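To start, the structure itself, in structure tokens.
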Amino acid sequence: AAFEGLSNRLQNVFGKLKGKGKVSENDVKEAMREVRLALLEADVNFKVVKDFINKVKEKAIGQEVMKSFTPGMVIIDIVNKELTSLMGETHSKLNKSNKPPTVIMMAGLQGAGKTTTTGKLAKYLQKQNHKPLLIAADIYRPAAIKQLQILGEQIDTPVFSLGDKANPVEIAKQGLQQAKENHNDYVIIDTAGRLHIDEDLMNELKDIKETVKPDEVLLVVDSMTGQDAVNVAESFNQQLELTGVVLTKLDGDTRGGAALSVKAVTGKPIKFAAMGEKIDALEPFYPDRMASRILGMGDMLSLIEKAQTNIDEEKAKEMERKMRKAEFTFEDFLEQMEQVRNMGPLDQIMDMMPGMGKMKNMKNLNVDEKQLGRVEAIVRSMTTEEKRKPEILNASRRKRIALGSGTSVKDVNRLLKQFEDMKKMMKQFSTMMGGQGKKGKKP
Ligand code: GDP
């Protein structure tokens, strides 16, 4: 899967930090050493890596982070933000001409996926109710024209061609003319690629560009080629002045070096990412989403935000202390449950936590919402004394509680037995929240 290698390595590094209640300057340095190696191994440009690490360190080695209740999380958050900014901060939309048609010129080396991406882009525009015209200006690669025509048919989009004997500049010019006549609001020009960058190719592309004055010059690069893709992008950009980059084959790119360096090196945004051979496997590129994906966070970030707004730090610290000392009672349990509840439906919270999905399925924990509702009812039927000292719960008390909560004695018994497990689970929660779990025994 995309970025799997990098993702796994980074998750290992941060897994170590996440559970820590205190993070020292050395912890951060050590983690950053590992992040640096992971990025280099992912084929990220070394200058980019150096800059990146420096920025993260600068922000992470600060009083506020160290003192924070969840230092590990804060550091992951910093890394996430820097990764996002590295890839361009925000999503960069396609330029649009206020005098249609908007002209998009596609460029790239042979095999990068240019023709395929041209079809995908047409499909993408079509879905937004646009009427694109494709122009087949790659007269050199055998079958490129045919390939574009087949793609066009597949998505019911016209393809303009003058065969492979005409001049590409002429093809582009006449195609544009036809688009105007037929009221196509977008044209996408599939230009020729080469195996390597050469002067003839660049001159031809410059001529086309000069003639059709495109609103977008998109370079298609194969992300699996890592830094080579970045070098190609830099050369093209110097000669042709790109407006953006499309990364292809992200589905097969386990490293992620191209995605992470291309914006920093060329200054040009990644506008789209292609993740498969199918015609709809093209997505607008969102740096923030890509960053969380790389960090394997799922919705971890929104969870962090929720935790930060909903968990009372003082209370949580007190709770932690009690749990460590095994003073944790049903009263605390209720309170803890409320805090967790404040964050949203339990199911969702569990899903957002890496590793928790598995736990959710563990039968003996039974942490589904309904079950918890029952548990809550049982606990609420206890007297204050019972909540504090569950060991006094004899048979008659259990019977009374079962009646009061609309459950059975069996349910009550089960809960009491599960209470120890629940304690462990809550401890796990607080560990995942970056609480002081490390001081207690790992659940
Ligand atoms: P061009 O020479 O740049 O026009 O390259 P093509 O569009 O012909 O694509 C070259 C090969 O890469 C084809 O086999 C495509 O199916 C494949 N390809 C293109 N984009 C992707 C992608 O995002 N993922 C995968 N897995 N394959 C892709």
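If you're matching positions, the sequence shown starts at 2 in full-length UniProt numbering and goes up one per residue.
Each residue gets a CB set at the ideal place from its N, CA and C atoms; glycine is no exception.
Every value quoted in this text rests on a predicted model; they were computed, and no experiment measured them.
Boundaries (first-last residue) of the beta strand (DSSP E) holding residue i
i, result
"isoleucine 198", "No beta strand (DSSP E) holds isoleucine 198; DSSP gives it neither H nor E."
"threonine 384", "Run containing threonine 384: none; DSSP gives neither H nor E here."
"residue 445", "Look at the range of the chain in this structure, 2 to 444, and you will see that residue 445 is not part of it."
"valine 221", "217-223"
"isoleucine 190", "187-191"
"lysine 272", "271-275"
"proline 133", "133-137"
Chain-order list of residues whose beta-carbon lies under 7 Å from that of residue i (same chain, five-residue window excluded)
i, result
"glycine 405", "Ser382"
"histidine 131", "Asp186, Tyr187"
"alanine 113", "Gly194, Val221, Val222, Asp223, Thr249"
"alanine 403", "Ser409, Val410, Asp412, Val413"
"lysine 359", "Only weak support exists for where lysine 359 lies, its pLDDT of 43 falling under 50; the value from the coordinates is given anyway. Result list for lysine 359: empty, nothing under 7 Å."
"glycine 89", "Lys264, Pro270, Ile271, Pro288"
"glutamate 182", "none"
"leucine 416", "Val376, Ile379"
"glycine 257", "Phe4, Leu7, Ala43, Ile295"
Endpoints, the alpha helix (DSSP H) within which residue i is located
i, result
"isoleucine 105", "Segment 103-108 is the beta strand (DSSP E) holding isoleucine 105; no alpha helix (DSSP H) there."
"proline 285", "Proline 285 -> not in any alpha helix (DSSP H); beta strand (DSSP E) instead, spanning 283-285."
"isoleucine 151", "145-155"
"lysine 21", "Taken as a continuous stretch (DSSP letters only), lysine 21 belongs to no alpha helix (DSSP H), as it is neither H nor E."
"glutamate 171", "169-182"
"glutamine 127", "115-128"
"isoleucine 402", "396-406"
"residue 447", "With the chain covering only 2 through 444, there is no way to say anything about residue 447."
"lysine 60", "47-61"
"aspartate 289", "288-295"
"asparagine 238", "228-241"
"leucine 261", "258-267"
Reference residue i, options the options, closest by Cα
i, options, result
"residue 449", "Ile62, Gln228, Leu243", "This structure gives no information on residue 449, because the portion of the chain shown stretches from 2 to 444."
"residue 1", "Arg290, Val45, Leu110", "The first residue shown for the chain is 2 and the last is 444, placing residue 1 beyond what the model contains."
"valine 263", "Lys128, Asn238, Ala282", "Asn238"
"alanine 282", "Lys250, Val266, Asn183, Gln155", "Lys250"
"aspartate 78", "Gln372, His92, Lys56", "Lys56"
"threonine 85", "Asp252, Glu35, Asp289", "Asp289"
"serine 93", "Val221, Tyr287, Lys48", "Tyr287"
"threonine 212", "Arg415, Met106, Arg34", "Met106"
"phenylalanine 329", "Gln372, Phe420, Met291", "Phe420"
"proline 101", "Lys115, His184, Pro143, Arg37", "His184"
"lysine 115", "Phe334, Arg398, Ile190, Glu319", "Ile190"
"lysine 82", "Lys210, Asn99, Ile295", "Ile295"
"isoleucine 198", "Lys181, Pro285, Lys128, Ala108", "Ala108"
"arginine 34", "Lys21, Arg415, Val50, Asp44", "Val50"
"proline 391", "Arg375, Lys418, Ala378, Ile54", "Lys418"
"leucine 261", "Gly63, Arg399, Ala43, Asp28", "Ala43"
"glutamine 240", "Gly407, Phe47, Ser397, Asn204", "Asn204"
Alpha-carbon spacing of residue i relative to residue j, whole angstroms
i, j, result
"arginine 10", "glutamate 235", "28 Å"
"leucine 41", "glutamine 12", "16 Å"
"proline 218", "glycine 120", "It should be noted that the sequence gives valine, not proline, for residue 218. Between valine 218 and glycine 120, the C-alpha separation is close to 16 Å."
"glycine 436", "lysine 97", "Low confidence applies to glycine 436: its pLDDT is 45, below 50, so where it sits in the model is not reliable, and the reading given next is rough at best. Taking the straight line joining both Cα atoms gives about 49 Å."
"methionine 357", "leucine 7", "Its pLDDT being 47, under 50, methionine 357 is placed unreliably by the model, and nothing is read from it."
"lysine 364", "glycine 16", "Any reading at lysine 364 is ruled out, since the residue's pLDDT is 40, under 50, leaving its predicted position unreliable."
"serine 293", "glutamate 59", "21 Å"
"proline 169", "leucine 38", "45 Å"
"leucine 373", "glutamate 26", "41 Å"
"asparagine 99", "leucine 163", "28 Å"
"lysine 21", "lysine 124", "48 Å"
"alanine 144", "leucine 177", "22 Å"
"leucine 126", "isoleucine 156", "11 Å"
"lysine 361", "lysine 279", "Any reading at lysine 361 must be qualified, since the residue scores a pLDDT of 44, below 50, and its modelled position is unreliable; the value itself is stated next. Rounded to the nearest angstrom, the two C-alpha atoms are 35 Å apart."
"isoleucine 380", "phenylalanine 331", "A small fix is needed here, since residue 380 is valine in this sequence, not isoleucine. Their Cα atoms are separated by approximately 7 Å."
"glycine 73", "glutamate 387", "37 Å"
"threonine 384", "phenylalanine 334", "14 Å"
"leucine 87", "glutamate 336", "41 Å"
"alanine 61", "methionine 291", "21 Å"
"alanine 230", "aspartate 216", "23 Å"
"leucine 18", "aspartate 422", "25 Å"
Cut-off 6 Å between Cβ atoms - residues of its own chain near residue i, not counting five sequence neighbours on either side
i, result
"glutamine 179", "Phe161"
"valine 247", "Thr118, Leu219, Val221, Phe273"
"proline 159", "Leu134"
"leucine 122", "Ile189"
"glutamate 5", "Thr255"
"leucine 196", "Gln111"
"methionine 225", "Lys250, Gly253, Asp254"
Own chain residues within Cβ distance below 8 Å of residue i, not counting five before or after
i, result
"valine 14", "Ala32, Glu35, Val36, Ala39"
"valine 24", "Leu18, Val66, Met67, Pro72, Gly73, Ile76"
(message) Using 8 Å as the cut-off, can you tell me whether the region 168-175 makes contact with the region 136-144, which would need three or more C-beta pairs spanning the two stretches below that distance?
(response) yes
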